[in-house]
Amino acid sequence: MADTKSTKTNSPGVRRREFLATGAAALGVGITGFPAVLRAQAAPVKIGLIHPVSGFIAFSGSQCRAGAEMAIADINAAGGIKSMGGAMIEAMLADSQGKPDIGAAEVTKMTEAGVHGIVAGYSSAISLATSQEAAKTNTPHVVDVGVSDSIVTRGLANTFRFSPGYGKVAEMAVSNLDTINKTAGSPAKTAMIVHEESLFGTGTAELLSKQLPGIGIEVVDVIKHANPTRDFTNIALQIKSKQPDLIIPANYYNEYVLLARTLRQQKIEAMGIYSVLGGAASNLQFVNEFPEAAELIMDCNHWYDPKSDLALARRKAAEAKGLIYTYEIFLAYNAVAFLADAIERAGSTEPDAINAAMASSTWDQHGMPYGPTKIVNGQNESAQPVNTQVQKGAIEVIYPAEFASAETVFPMKM
Amino acid sequence: MPDSAIIIPSVLNGLTTGGLYALVALGLTLIYGVLHIINFAHGALLMLGLYAVYFLNVQFGIDPYVALLIVPPAMFALGYALQRGIIGRASHGRDENILLVTLGLSIIIENLSLFFFRSDTRTVDTPYSFDVIEIFGAFLPYPKVVAFIGALVTAALLWLLMSRTDLGRAIRALAKERKGAQLVGINADHVFAMSFGLGIACLGVAACLLLPSYYVNPQVGGGFVLIAFTIVVLGGMGSFVGALIGGLIIGVVEALGGLFLGESLGQIGIFLIFILVLIFRPTGLFGAKA
Numbered sequence: 001m002a003d004t005k006s007t008k009t010n011s012p013g014v015r016r017r018e019f020l021a022t023g024a025a026a027l028g029v030g031i032t033g034f035p036a037v038l039r040a041q042a043a044p045v046k047i048g049l050i051h052p053v054s055g056f057i058a059f060s061g062s063q064c065r066a067g068a069e070m071a072i073a074d075i076n077a078a079g080g081i082k083s084m085g086g087a088m089i090e091a092m093l094a095d096s097q098g099k100p101d102i103g104a105a106e107v108t109k110m111t112e113a114g115v116h117g118i119v120a121g122y123s124s125a126i127s128l129a130t131s132q133e134a135a136k137t138n139t140p141h142v143v144d145v146g147v148s149d150s151i152v153t154r155g156l157a158n159t160f161r162f163s164p165g166y167g168k169v170a171e172m173a174v175s176n177l178d179t180i181n182k183t184a185g186s187p188a189k190t191a192m193i194v195h196e197e198s199l200f201g202t203g204t205a206e207l208l209s210k211q212l213p214g215i216g217i218e219v220v221d222v223i224k225h226a227n228p229t230r231d232f233t234n235i236a237l238q239i240k241s242k243q244p245d246l247i248i249p250a251n252y253y254n255e256y257v258l259l260a261r262t263l264r265q266q267k268i269e270a271m272g273i274y275s276v277l278g279g280a281a282s283n284l285q286f287v288n289e290f291p292e293a294a295e296l297i298m299d300c301n302h303w304y305d306p307k308s309d310l311a312l313a314r315r316k317a318a319e320a321k322g323l324i325y326t327y328e329i330f331l332a333y334n335a336v337a338f339l340a341d342a343i344e345r346a347g348s349t350e351p352d353a354i355n356a357a358m359a360s361s362t363w364d365q366h367g368m369p370y371g372p373t374k375i376v377n378g379q380n381e382s383a384q385p386v387n388t389q390v391q392k393g394a395i396e397v398i399y400p401a402e403f404a405s406a407e408t409v410f411p412m413k414m
Numbered sequence: 001m002p003d004s005a006i007i008i009p010s011v012l013n014g015l016t017t018g019g020l021y022a023l024v025a026l027g028l029t030l031i032y033g034v035l036h037i038i039n040f041a042h043g044a045l046l047m048l049g050l051y052a053v054y055f056l057n058v059q060f061g062i063d064p065y066v067a068l069l070i071v072p073p074a075m076f077a078l079g080y081a082l083q084r085g086i087i088g089r090a091s092h093g094r095d096e097n098i099l100l101v102t103l104g105l106s107i108i109i110e111n112l113s114l115f116f117f118r119s120d121t122r123t124v125d126t127p128y129s130f131d132v133i134e135i136f137g138a139f140l141p142y143p144k145v146v147a148f149i150g151a152l153v154t155a156a157l158l159w160l161l162m163s164r165t166d167l168g169r170a171i172r173a174l175a176k177e178r179k180g181a182q183l184v185g186i187n188a189d190h191v192f193a194m195s196f197g198l199g200i201a202c203l204g205v206a207a208c209l210l211l212p213s214y215y216v217n218p219q220v221g222g223g224f225v226l227i228a229f230t231i232v233v234l235g236g237m238g239s240f241v242g243a244l245i246g247g248l249i250i251g252v253v254e255a256l257g258g259l260f261l262g263e264s265l266g267q268i269g270i271f272l273i274f275i276l277v278l279i280f281r282p283t284g285l286f287g288a289k290a
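Protein chains in written order, with full-length UniProt numbering: chain X, 1 to 414; chain U, 1 to 290.
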């Protein structure tokens with residue numbers, strides 16, 4: 001954004017406002033005797049933020065909203081969209097309540113209210129619905145967290161995703177697990193997958209079930225559970241009876257807390273707990289509340305580059321606001337910043353221009369372990385998850401090596 | 001088919017979970033049995049109780065079980081005030097108004113909680129959070145065993161209160177014949193408010209016993225309220241024994257349903273029971289005696 005030259009629109013309306021403003025300034029000088037510089041305020045750029053801030057995934061939705069609002073505040077504080085005369089970004093907020101149909105209805109309301117771009121919608125199901133609705137008016141739409149691969153394989157020209165989908169995540173989760181296991185002498189031979197029942201958990205579990213046998217790990221069982229599940233003892237008992245070497249959860253935070261707690265109560269000791277897209281090793285709240293239960297748990301999930309000063313500064317800023325720095329915050333932040341960068345380069349709020357700018361994006365001010373954005377069919381192909389592990393109460397990146405802040409400890413128990 | 005060795009632990013766990021469900025249902029059945037109020041704010045009030053226990057623990061270091069001395073009385077006062085100040089006044093004696101008032105209350109409470117407490121899921125870490133008691137080879141979490149015993153004690157105390165005290169007699173008299181009770185000098189508004197307060201105090205007990213093994217967020221009540229309604233229908237509306245037995249049955253059905261049908265489908269059993277009871281025994285298992 002910073003390298004783009006500033007331009008100013010010269011529509012008749014603006015000239016009229018400038019005239020009035022100049023007149024007012026002259027009047028102000030005349031009255032107060034102080035010099036004043038007043039300019040026409042460029043029309044704001046409206047970005048819609050649709051997240052589930054109520055309902056069963058309200059925590060994640062609120063975190064997304066907080067991250068997106070932080071990005072907007074930072075961009076505005078830095079001078080707004082400079083190529084559009086310093087236009088400020090104005091957030092339009094909506095609550096999808098965790099329901100795809102409500103998310104889609106909010107898109108309709110926003111497009112009628114003149115939104116220029118949308119960032120949504122945390123869950124895969126909601127993101128599918130909001131992006132499809134936005135496609136009807138070609139409104140630029142960036143998915144912040146939704147991981148379903150079908151989000152970007154429907155050929156929608158308006159739909160982009162900055163972060164990786166579950167295809168890429170599952171591929172890297174399996175590949176990194178293979179490396180971790182082989183480095184330790186291949187002690188892990190079996191795994192059990194415990195996943196939530198929506199698109200994210202089911203899709204991830206299906207991919208892992210197909211790919212794990214390829215690295216010599218037999219999937220002995222796959223257990224699906226509802227949201228919410230109030231008690232995980234049955235699942236823990238089933239894990240206990242099958243004694244897998246690895247337990248692979250793919251679920252939301254509430255259920256993860258209960259599962260992790262129950263595994264400990266039932267005295268289940270596996271070689272590793274290796275979460276995919278969710279888990280203790282990518283959640284500071286869990287690590288803070290249950291440091292002993294979290295120790296040595298591994299995740300393959302979204303995480304920032306621990307060696308990036310930009311990422312560390314953003315984390316500090318978020319924590320200064322009292323926020324827990326979860327992946328929802330930095331992914332939503334970057335989704336907004338990615339869209340804003342495209343608007344900056346487009347110098348316009350025309351949907352085609354913004355979509356074209358996103359499609360050709362090489363943005364790198366994200367603090368993620370990605371490299372510059374490389375968009376193919378709406379997906380940022382540079383995006384990748386990393387492996388993290390809780391070590392001595394801190395979340396450390398253990399893979400890929402170039403971003404690692406600690407060595408892997410595996411197996412956690414023999 | 002699940003391993004046969006895990007069926008007994010699963011049933012025992014279902015019983016302890018059922019104890020927790022019964023605790024939530026006891027207040028609901030008291031409120032329905034006396035006031036004929038279907039309290040849609042029950043889940044939201046449970047959530048408030050859980051937050052009270054959470055903040056007492058985090059801010060003042062008060063153990064959730066010690067909070068039993070504070071939270072249930074506070075919840076009683078809240079329930080009394082709600083019935084006397086809002087529900088009783090706004091309903092004008094019409095059942096449909098009561099439904100809407102309690103529904104409105106639940107929406108207000110949940111949204112205020114979302115505003116003040118944010119949507120974070122919060123838990124307390126007590127010295128006994130991970131402790132277990134081994135029975136017949138099953139590791140039963142200590143907090144759930146305590147909750148199970150708590151449900152039995154609470155049901156017994158409620159039964160004693162209803163059968164052996166003047167307040168209990170007044171409550172039963174009002175439930176059976178409102179005008180007759182008023183004619184013999186019973187202050188209906190006060191007794192109604194006492195009943196609602198007692199029902200909400202039960203939620204306070206449930207909150208103290210639930211939080212060591214669960215979590216709290218503004219939506220947490222929703223997961224329990226539907227189960228509690230099912231238990232009340234199964235046990236018989238207004239029956240404490242019914243709520244207790246119904247809770248235990250639902251807990252075991254949920255556990256075995258999860259084991260045999262899969263965790264995602266397992267909860268079907270609960271609602272199948274709900275439908276079957278409504279068809280074949282609409283008064284519930286203990287409804288006739290209530």
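Glycine included, each C-beta is placed from N, C-alpha and C at the ideal position. Being a predicted model, the structure only gives us computed values, none of them experimental.
How long is the line joining the alpha carbons of residue i and residue j, rounded to whole angstroms?
| i | j | result |
| --- | --- | --- |
| residue 378/X | residue 236/U | 57 Å |
| residue 78/X | residue 329/X | 20 Å |
| residue 30/X | residue 55/U | Interpretation of residue 30/X is limited by its pLDDT of 43, a score under 50 that renders its predicted location unreliable; the figure taken from the coordinates is listed afterwards. Each residue's alpha carbon lies about 59 Å from the other. |
| residue 125/U | residue 289/X | 7 Å |
| residue 85/U | residue 157/U | 27 Å |
| residue 36/X | residue 81/X | The predicted model places residue 36/X with a pLDDT of 41, which falls under 50 and marks its position as unreliable, so this point remains unresolved. |
| residue 333/X | residue 391/X | 27 Å |
| residue 357/X | residue 345/X | 7 Å |
| residue 78/U | residue 138/U | 39 Å |
| residue 197/X | residue 224/X | 6 Å |
| residue 43/U | residue 353/X | 49 Å |
If we count the other Cβ atoms within 10 Å of its Cβ and call it buried at 16 or more, is residue i buried or exposed?
| i | result |
| --- | --- |
| residue 69/U | exposed |
| residue 115/U | exposed |
| residue 120/X | buried |
| residue 95/X | buried |
| residue 243/X | exposed |
| residue 141/X | buried |
| residue 108/U | exposed |
| residue 429/X | No information on residue 429/X is available, as it lies outside the stretch 1 to 414 that chain X covers here. |
| residue 149/U | exposed |
| residue 257/X | buried |
Counting only beta-carbon separations shorter than 8 Å, does residue i have a partner in chain U?
| i | result |
| --- | --- |
| residue 395/X | no |
| residue 197/X | yes |
| residue 30/X | Because residue 30/X carries a pLDDT of 43, less than 50, the predicted location of this residue cannot be relied on, and the following value inherits that uncertainty. Chain U contact via Cβ: absent. |
| residue 223/X | yes |
| residue 237/X | yes |
| residue 403/X | no |
| residue 267/X | yes |
| residue 254/X | yes |
| residue 315/X | no |
Applying a beta-carbon distance threshold of less than 8 Å, which residues of chain X neighbour residue i?
| i | result |
| --- | --- |
| residue 267/U | 226 |
| residue 119/U | 53, 54, 58, 59, 61, 62 |
| residue 263/U | 223, 224, 225, 226, 229, 234, 235 |
| residue 163/U | Simply none; closest approach about 32 Å. |
Using the beta-carbon of each residue, which ones in chain X are nearer than 7 Å to residue i?
| i | result |
| --- | --- |
| residue 273/U | Residues of chain X passing the Cβ test: none, with the nearest at roughly 17 Å. |
| residue 219/U | 55, 56, 58 |
| residue 258/U | 234 |
Mind listing the chain U neighbours of residue i? Cutoff is C-beta to C-beta under 8 Å, in chain order.
| i | result |
| --- | --- |
| residue 231/X | 13, 17, 254, 255 |
| residue 264/X | 130 |
Are the C-beta atoms of residue i and some chain X residue less than 8 Å apart?
| i | result |
| --- | --- |
| residue 207/U | no |
| residue 282/U | no |
| residue 235/U | no |
Name the chain U residues whose beta carbon is nearer than 7 Å to that of residue i?
| i | result |
| --- | --- |
| residue 290/X | 125 |
| residue 257/X | 121, 123, 215 |
Can you pull the chain U residues whose beta carbon is under 9 Å from the beta carbon of residue i, in chain order?
| i | result |
| --- | --- |
| residue 241/X | 2, 3, 5, 6 |
Would residue i count as contacting chain A if we go by Cβ distances under 8 Å?
| i | result |
| --- | --- |
| residue 301/X | Looking for chain A here will not work: the only protein chains present are X and U. |
(message) Three or more C-beta pairs under 8 Å: does that hold for the stretch 103–118 of chain X against the stretch 42–59 of chain X?
(response) yes
(request) Assess, as a yes-or-no matter, whether the stretch 225–232 of chain U is touched by the stretch 60–75 of chain U under the definition of 3 or more beta carbon pairs within less than 8 Å. (result) no
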